[in-house]
Each structure stands twice: as structure tokens, then as C-alpha cells.
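Peer 1:
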Amino acid sequence: MTDPRNPLAALPAVDPSDAAALEARHQLIVGLLGAYADAELPAETVSQLDAHLVGCASCRRELAVHHAVRRRLAAEPPAAAEPALQRRIRAAIAAMPVPAPSPAPAIPGWRRHAVALAAGAVVVAALVAATFLATPELPWRRATEVHVALPVTPVGSDALLGDVLADYRRIAALDLPGRARDLDAVRAAVPFPVEPLRVPELRLLAAWTADIGGEPAAALAYRWDEHVVVQYLVAEARFFGSPTVRARVAAHGALAARQDGTELVAWPTASAGSLLVGDLPAARLATIWTAQRVAERGAGGAH
Amino acid sequence: MPQTADWPHPDAYARFDALVLPHLDRMLAFARRRTDSTADAEDVLQETCVRAWQGFAELRDQAQARAWLYRILRTVLVDAYEKLGRRRRLVSITRLEDAHEELVGGDADALFDEVVARLSSEAVHAALGELPEDFAAAVELHDIDGFKYHEIADILAIPIGTVMSRISRGRRLLAGAMTAHRPRTGELGTVSRVAGATGGRRPPRGRGGGAPR
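Those protein sequences? They're chains A and B, same order as listed.
Position 14, counted from 1, in the first sequence is what my numbering calls 27; the numbers after and before it change by one each time, with no gaps.
Position 67, counted from 1, in the second sequence is what my numbering calls 562; the numbers after and before it change by one each time, with no gaps.
Written as C-alpha cells, this is what we have:
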């Protein structure tokens, strides 16, 4: 079979007096000039083209065109993928499960390693469990957020959720009780670490202490575009004391709840419980949870 | 480095970042030349990354990651064309070939080099937009994105001989299209004459320009 990069090898020797054969050979060479310019031809073909080019002004001009076009295209600048796009891509990926490989061929020790790694996969998958993208609309979505779907739980008689929503509704009717610079005072007043959310689109407006069911909580208000959302941080024992929270977090990694038009998303932090409240759909609030996980992973150097 | 049974690697996210993020700019540009807006191109890129993540465990040879990403990008773009009904607005190949023949048939090669070097990015994109996608993709993957022929064959799923012919012919067509998008300075002599043969400058693709085939 003829090497596609050396079609000249298949040609019989050309009689210099045979104009038609010479023209056929010329046309064949014209089709190779692009690969010649790109140094993609074998040495034998290159030598044959070198010899042809010496006596063929048309091919030299053709070659010059290839070089000119190639030089101009090589100078095309890349587009700039903005940091917001990179964050959006990372958030989309963070909201997906870690992909599983197709069955791999058995190798010595495979089973032993696989058990340990599978356990690791479960841990990672649990972090993103119950979080899935609205894939049918994914490719053409305009928002920079990754919308996630958590089952929304009615607040019912859950004391923690009811207390947090009641406090939110109370302060929603007032001026914000604190200022951003009060954060240190809040940290000193509660028995657990208080770290504001690291999502770049959020700006801390105010911090204050709240009374949630008779226990101190930190309340942080953020501006998010044209909305204000409030994050309540409560002690770990208080957070997991709620049976609703325990069940939903165990199943989905987070909880979404709604009462009278106010919605919240709750998730455990390293040593406390976080409840994010706003007059927004829980699906939107959950995008903050997702973005926060991405930010935490980035700060940890793993992502 | 081939991946085998050591998946999922504990720093899979970091590895994915390292393999994918360096190519986002070029891939965005490739997508942008095939979509009507930056927002559409960004959506395509996000979907490409999502699909790449879904298939990340199947990437056996990380040295091939870039070609693998472009292969996914091409698939997403094809889906986008179908979803949004976008089609490139092509001009007659015969007209582009005529312009090219006139170009190489005279003494304009030195002038052409100068004219092409002065073309704006918008003009280059408009000229590329007039080529059939098969030719444009092969030329761009080589000349802009820096792939070798065998990698392009892999990305486009075509034989290497077809890559050769598409790049060779694609550049010739592009040369014809570029003459039509030259700067209007009135000092371009022969090239101006060649451009006249193609009907002059056409509006960029996607804005109602370009004659039908």
C-alpha cells in the first residue's frame, strides 16, 4: 500500500517529453506542499520536492502562500478563559461524582488496592452525594452558578430549623444588627471557629451573635448580587442534635428546607454547623454550598 | 503515564486541573471561532470539561490529554450545531479557488505575505469562517493549536493522508478568502486585483455575511 505521505513513490519514472505526465506529477506535488511546509513528509519525498521546486516557479509561489498563511495563523492570540469561567468549570466538576473507570485488567495486588481505593472513592463520592447537575440544560446555561438539586424538606416541628428561620425573619425586618468589622467580637463570643464563606461572589456585610434555641450562634450576612443571605453557624452538637439534619446530611451531604417562602441550605463545617438562609430558592442557595467546597479544596491545595 | 487500577487517585481533581486548565485558552478560542458569542463558547467549554471529567478515568495516556480534550470539544461543538441549528456560512469554494489561482498565477506572493501579516484577527476569523468546517478544523488544529498531523488524524478520526490533503487545500482556500478580507488601503496592487475577483470583503460569519454556496 502506498504511504500517503509519499505518493510520488508510486509514480513511474516520467518522460521529460510527456507533458501530460509532467502535469500529473506537478499536480501531485502541489497537493504535498502543505505537508512539505509543515515538515511532515519523509526525507525521500522532501528530496523529490526540493528538486521539483528548483524548476517550478508556480510551486514556489504556492509554497510561499502556505508559509504566509501558516505564519499568520500561528500569530493568532488565544482567547482568555476568565477566572470566573474557570471557577464555573471547577464548580461544575465538583458537583459531579468522581468518575469510575471501566473494569481494568487484573494485576497482582489489584484486589487488595482496589478495596482501599474503593473506600476512598466512597468518601469522595459522599462529599458530592445528592448533588447533581441539571444536565439537560447544562450546556447552554448562562448563570455562573452550578445549580444543584437537593430534596427540600418541610421544616415541620424541627426546633433548629424553626429557630433559625424565625430569627432570620425577625432580623429581615430590621437593620442588620452588626457590621463586618464585628467579626472578631463574634468569634470571641461563640465556642467554635467562625470563618466567613470564601465564595468570591459573596461579600461579608455584617456579623453578629444570635440566640438560637437558647444557645449562642454566629450570624454572618453577605451580599450576593442583589440579594442578602444570612449564614448561621451553630455548635456541632446543636446541629447534629436535629434528627432531620442528621438524616438529610447522612443521605445527601446537605439539607434543604423551606417555610413560608424562606428557604435554607444546611451543611456541616469542620467543627460546626452552617445554615444559609435567604429569600431565594434552595437550589440557588445550594450553589453557594457547592462553590464553598470548591474554594475550600482550592485553599487546601488539592484543587 | 498510563492509568490503571490506581484510580481514583486521591488528587484526581489536581491532576485534572493540571491536564486541562493549561489548554482552556486555546480551546476557548477554537470554540469561539465556531460559535456566535463568547457566552456560547464558554458554555461549550464548560460542557467539554464536564464530559472530560466524566471520562477522565478512561484517559490512559496523559501525554495525549490535549488531543483527547480537543476530540471531546469537537463532539460538543457538533452537538451544539445540532442543538442550536448553527451552520457556518460558506462562500463558494470555486470562488476561493479562483482567487487562490490568481494569487499564485502572478507575482503577488511577496505582497500576499505582507497583506496576510497585516490582517486583523477579525479578518482572519471571518476568512476561516468561509471555509468548510472540515478544512478549517484541520488548518486551525495545525497552524493555530500546534498539533502534528498524526494528532489531527486522531482528533478528527480521519486517515493521515486526508489530514494532509485537507490542510493543503484548506490553506489554499484560506489564502483566497484572506485576499477578500485584506485591509482597504488602496496600495495593494496585484492582491487588490485578486480580491476583486472574489467579490471583495465580506462581513464576518454569523452576522449575515457570506454568499451562499
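Just so you know, even glycine gets a beta-carbon here, dropped at the ideal spot from N, CA and C.
Note that this is a predicted model, so its numbers are computed, not measured.
Between which two residues does the beta strand (DSSP E) harbouring A/Asp3 extend?
Peer 2: With chain A represented from 14 up to 316, any question about residue 3 of chain A goes unanswered, as that position is not in the structure.
Peer 1: Could you check whether the Cβ of A/Arg83 sits closer than 8 Å to any Cβ belonging to chain B?
Peer 2: As a first step, residue 83 of chain A must be located in the first sequence, where it is residue number 70. Output row for A/Arg83: interface = yes.
Peer 1: Answer with buried or exposed for A/Arg194, where buried requires no fewer than 16 other C-beta atoms within 10 angstroms of its C-beta.
Peer 2: Locating residue 194 of chain A in the first sequence gives position 181, counting from the first residue. Answer is exposed; the Cβ neighbour count stays below 16.
Peer 1: For A/Arg271, collect the residues of the same chain with a Cβ closer than 6 Å to its Cβ; drop the 5 residues on either side in sequence, then sort them by chain order.
Peer 2: What you label residue 271 of chain A is simply residue 258 of the first sequence in a count that begins at 1. Counting only Cβ-Cβ distances below 6 Å, and skipping sequence neighbours, we find Val165.
Peer 1: Please identify the residue among B/Arg666, B/Gln549, B/Ile567 whose C-alpha is closest to the C-alpha of B/Asp629.
Peer 2: Indexing the second sequence from 1 puts residue 629 of chain B at position 134. Measuring from the Cα of B/Asp629, the nearest candidate turns out to be B/Arg666.
Peer 1: Taking the alpha-carbon positions, what's the A/Pro209 to A/Gly254 distance?
Peer 2: To locate residue 209 of chain A, count along the first sequence from 1; it is residue 196. To locate residue 254 of chain A, count along the first sequence from 1; it is residue 241. Distance between the alpha carbons of A/Pro209 and A/Gly254: 23 Å.
Peer 1: Straight-line CA distance for A/Cys69 to B/Trp563?
Peer 2: As a working mapping, residue 69 of chain A is identified with position 56 in the first sequence. As a working mapping, residue 563 of chain B is identified with position 68 in the second sequence. About 40 Å.
Peer 1: State the start and end residues of the unbroken alpha helix (DSSP H) segment that holds B/Ser660.
Peer 2: Within the second sequence, numbered from 1, the residue matching residue 660 of chain B stands at position 165. Here the alpha helix (DSSP H) through B/Ser660 covers 655-675.
Peer 1: Can you pull the chain B neighbours of A/Pro112, defined as C-beta to C-beta under 7 Å?
Peer 2: What you label residue 112 of chain A is simply residue 99 of the first sequence in a count that begins at 1. In chain order: Trp548, Gln549, Gly550, Phe551, Ala552.
Peer 1: State the DSSP-derived secondary structure class of A/Val278, mapped to helix, strand or coil.
Peer 2: What you label residue 278 of chain A is simply residue 265 of the first sequence in a count that begins at 1. Collapsing the DSSP output to three states places A/Val278 in a strand.
Peer 1: DSSP state of B/Val686, grouped into three classes?
Peer 2: Residue numbering aside, residue 686 of chain B sits at position 191 when the second sequence is read from its first letter. Low per-residue confidence applies at B/Val686: pLDDT is 43, beneath 50, and the placement is therefore not dependable, though the value from the model is reported in the following sentence. Looking at B/Val686 - three-state DSSP - the assignment turns out to be helix.
Peer 1: Grab me the residues of B/Arg661's own chain with a C-beta within less than 7 Å of its C-beta, minus the 5 sequence neighbours each way, in chain order.
Peer 2: If you number the second sequence from 1, residue 661 of chain B lands on position 166. Taken in chain order, the residues that qualify are Asp629, Phe630, Ala633.
Peer 1: Looking at the C-beta of B/Val573, does it have a partner C-beta in chain A at a distance below 8 Å?
Peer 2: Counted from its first residue, the second sequence places residue 573 of chain B at position 78. Closer than 8 Å: no.
Peer 1: Starting from A/Asp13, follow its DSSP beta bridges and name the residues at the other end.
Peer 2: This structure does not reach residue 13 of chain A, given that chain A is present from 14 up to 316, and the question cannot be answered.
Peer 1: Let's see if you can read the secondary structure: which residues bound the beta strand (DSSP E) around A/Ser287?
Peer 2: Mapped onto the first sequence, residue 287 of chain A falls at position 274. A/Ser287 -> beta strand (DSSP E) spans 285-291.
Peer 1: Could you please give me the residues that DSSP links to A/Pro229 through a beta bridge?
Peer 2: Counting from 1 along the first sequence, the entry for residue 229 of chain A is found at position 216. According to DSSP, which records beta bridges pairwise, A/Pro229 is partnered with A/Asp224.
Peer 1: Is DSSP giving A/Leu76 helix, strand or coil here?
Peer 2: One-based indexing of the first sequence puts residue 76 of chain A at position 63. In this structure, A/Leu76 counts as helix in the three-state DSSP scheme.
Peer 1: If we count Cβ pairs, one from each stretch, closer than 8 Å, do we get three or more for the region 180-198 of chain A versus the region 215-224 of chain A?
Peer 2: yes
Peer 1: Looking at the structure shown, is A/Val165 part of a helix, part of a strand, or coil, going by DSSP?
Peer 2: Numbered from its first residue, the first sequence carries residue 165 of chain A at position 152. In the structure shown, A/Val165 sits in a strand (DSSP, three-state: E or B).
Peer 1: Please identify, using Cβ separations under 9 Å, the residues of the region 53-71 of chain A that lie next to chain B, in order along the chain.
Peer 2: Glu53, Leu54, Ser71
Peer 1: Of the choices B/Tyr508, B/Ile653, B/Leu651, B/Thr530, whose alpha-carbon is the least far from that of B/Tyr576?
Peer 2: Your numbering for residue 576 of chain B matches position 81 in the second sequence. It is B/Thr530 whose Cα lies nearest to the Cα of B/Tyr576.
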